[in-house]
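Presented below is the structure to which this report refers.
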Amino acid sequence: MSDRPRILVTRKWPQAVERVLAERFDVVFNADDIPLSEAAIAEALARFDAVLPTVSDKLPPAVFAGAKVKILGNYGVGYNHIDIAAAKAVGIVVTNTPGVLTDCTADIAMTLLLSIARRAGEGEREVRNGNWTGWRPTHMIGTKVTGKTLGIIGFGRIGQAMAKRCHFGFDMEIVFQNRSKIDPALAARYGARQLDTVEEVLAGSDFVSLHCPGGGGNRHLIDAKRLSLMKPGAFLINTARGDVVDEQALVAALENGTIGGAGLDVYEAEPNVPEALRKLENVVLLPHLGSATEETRMAMGMKVVENVTAFFDGLEPPDRVA
Ligand code: DGY
Numbered sequence: 001m002s003d004r005p006r007i008l009v010t011r012k013w014p015q016a017v018e019r020v021l022a023e024r025f026d027v028v029f030n031a032d033d034i035p036l037s038e039a040a041i042a043e044a045l046a047r048f049d050a051v052l053p054t055v056s057d058k059l060p061p062a063v064f065a066g067a068k069v070k071i072l073g074n075y076g077v078g079y080n081h082i083d084i085a086a087a088k089a090v091g092i093v094v095t096n097t098p099g100v101l102t103d104c105t106a107d108i109a110m111t112l113l114l115s116i117a118r119r120a121g122e123g124e125r126e127v128r129n130g131n132w133t134g135w136r137p138t139h140m141i142g143t144k145v146t147g148k149t150l151g152i153i154g155f156g157r158i159g160q161a162m163a164k165r166c167h168f169g170f171d172m173e174i175v176f177q178n179r180s181k182i183d184p185a186l187a188a189r190y191g192a193r194q195l196d197t198v199e200e201v202l203a204g205s206d207f208v209s210l211h212c213p214g215g216g217g218n219r220h221l222i223d224a225k226r227l228s229l230m231k232p233g234a235f236l237i238n239t240a241r242g243d244v245v246d247e248q249a250l251v252a253a254l255e256n257g258t259i260g261g262a263g264l265d266v267y268e269a270e271p272n273v274p275e276a277l278r279k280l281e282n283v284v285l286l287p288h289l290g291s292a293t294e295e296t297r298m299a300m301g302m303k304v305v306e307n308v309t310a311f312f313d314g315l316e317p318p319d320r321v322a
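Mapping the sequence shown onto my numbering, position 143 (from 1) lands on 143, and the numbers just tick up by one.
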């Protein structure tokens with residue numbers, strides 16, 4: 001048996017990153033990319049020195065019962081799938097991958113915003129299904145994006161990248177809500193203004209884009225009551241985490257015309273997307289693609305490599321969250 005740290009990677013990663021991991025550690029990969037059950041994750045936590053999970057894994061308190069693992073190197077910036085308190089309680093270090101997926105996630109939010117406003121999903125389906133009967137002045141009329149107001153919930157890296165795109169690319173006015181006070185000079189760089197409450201942002205925006213973390217106090221942050229505060233024709237964009245939005249309330253709001261539409265990249269019980277949502281035309285649905293570019297997925301993997309390498313070299317991992 002080698003004396004190198006034993007590592008389990010829970011899903012298939014970009015090949016080049018797996019090669020680097022294999023050079024440095026004694027690694028078990030998931031070549032078939034089949035998601036691990038909670039029981040398999042619990043067993044891995046009891047057997048390996050490091051486990052490298054991602055958003056499709058669930059790590060509730062129960063999986064930590066017999067844990068011997070020293071570090072969880074999460075592949076992803078969001079880590080609400082890991083019970084951080086339980087990991088901390090047994091002295092497990094947790095790291096994530098901030099920074100490297102900022103632009104690509106903001107790009108997907110922008111893709112959703114433009115797609116829902118301009119009915120791109122509906123239009124694509126019409127052409128593909130052979131139902132397009134030709135140009136006409138009243139065909140598939142959407143909503144103009146340029147010059148409208150964007151409301152951002154969560155003004156961290158990704159929220160700011162979204163503000164930048166919308167302000168400089170589409171002359172949009174930007175308002176936002178953030179838990180802590182943002183330096184007005186920083187906000188002004190994106191033509192953005194901080195408001196005191198989520199409610200104020202919802203009421204004043206034509207588009208609302210969510211960029212806050214999931215889990216904890218943010219679960220169902222956008223519920224029926226808050227959806228009812230949005231302008232009737234407004235659009236909700238979610239590239240953050242599915243649980244930030246009460247999905248049932250959103251379906252009702254879309255069905256009743258409480259809001260104009262939604263663009264979603266994340267869902268409450270991925271990969272299950274409620275049929276009621278899939279049936280609606282006023283929603284654009286993507287399969288959690290925020291960070292899905294070759295460059296970003298490589299960079300995320302290399303961040304995990306840096307974190308676990310630092311840890312096993314006795315150094316502080318650069319992206320430690322617990
Ligand atoms: C992230 O990094 O949080 C992405 O959503 C993928 O997990």
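Ideal Cβ placement from N, Cα and C applies to all residues, glycine included.
Tell me Gly242's beta-bridge partners as DSSP assigns them. Partner(s): none; Gly242 has no beta bridge.
Any non-hydrogen atom of ligand 1 closer than 8 Å to Met302 Cβ: no
Report yes if the CB atom of Pro53 is closer than 9 Å to the CB atom of Phe312, and no otherwise. no
Give the list of continuous beta strand (DSSP E) stretches no shorter than 3 residues that lie fully inside the region 181-211. 192-194 and 207-210
May I ask you to check if the CB of Gly290 is nearer than 8 Å to at least one heavy atom of ligand 1? yes
Any chance the CB of Gly76 is under 8 Å from a heavy atom of ligand 1? yes
Within the same chain, show all residues whose beta-carbon is closer than 6 Å to that of Leu221, passing over the 5 residues directly before and after it, in chain order. Val244
From Val198 to Gly134, what distance separates their C-alpha atoms? Rounded to the nearest angstrom, the gap between the Cα atoms of Val198 and Gly134 is 42 Å.
When you measure from the CB of Val51 to every non-hydrogen atom of ligand 2, does any distance come out below 8 Å? Absence of ligand 2 is noted for the structure shown, with ligand 1 being the only ligands found.
Flag this pair as yes or no: are the beta carbons of Leu150 and Ser205 separated by less than 9 Å? yes
In whole angstroms, give me the CA-to-CA distance for Gly156 and Ala163. 10 Å
Buried or exposed: which applies to Thr138, given that a residue is buried once 16 or more other Cβ atoms fall within 10 Å of its Cβ? exposed
Quick one: does the C-beta of Val266 sit closer than 8 Å to a heavy atom of ligand 1? Val266 has its Cβ nearer than 8 Å to a heavy atom of ligand 1.
Going by C-alpha to C-alpha distance, which of Glu122, Cys166 and Gly130 sits closest to Ala106? Cys166
So, using beta-carbon positions, are Cys212 and Arg189 closer together than 9 Å? no
Enumerate, from N- to C-terminal direction, the unbroken beta strand (DSSP E) stretches of 3 or more residues contained entirely within the region 105-162. 149-153
Inter-stretch contact at 8 Å, needing at least 3 Cβ pairs: the region 82-101 / the region 122-134: no
Determine the burial state of Arg226: buried for a count of at least 16 other Cβ atoms within 10 Å of its Cβ, exposed for fewer. buried
Backbone secondary structure at Asn30 - three-state DSSP: Taken through DSSP and simplified to helix, strand or coil, Asn30 comes out as coil.
Given this structure, state the Cα-to-Cα distance separating Val63 from Asp171, to the nearest angstrom. 48 Å
Near Gly73, which residues of its chain fall below 7 Å by C-beta distance, leaving aside the five closest residues on each side in sequence? Ala50, Leu52, Thr95, Val304, Asn307 and Val308
Suppose you measure from the CA of Ala40 to the CA of Lys58; what does that come to, to the nearest Å? 11 Å
Beta-carbon proximity check, Pro20 vs Ile7, cutoff 9 Å: It is worth fixing the name first, because residue 20 is Val in this sequence and not Pro. Cβ distance not < 9 Å, so Val20 and Ile7 don't count as in contact.
Per the DSSP calculation, Thr95 is bridged to which residue(s)? Gly73 and Arg320
Ligand 1 and Leu101: does any heavy atom of the ligand fall closer than 8 Å to the residue's C-beta? yes
Same chain only: Cβ atoms within 8 Å of Gly78, ignoring 5 sequence neighbours per side: Val55, Asn96, Pro213, Gly214, Ala240 and Arg241
Leu36 versus Ile152: straight-line alpha-carbon distance, rounded: Cα-Cα distance, rounded: 35 Å.
Per-residue DSSP class, three states only, for Gly217: helix
Please report the distance separating the alpha-carbon of Phe168 from that of Thr143. 19 Å
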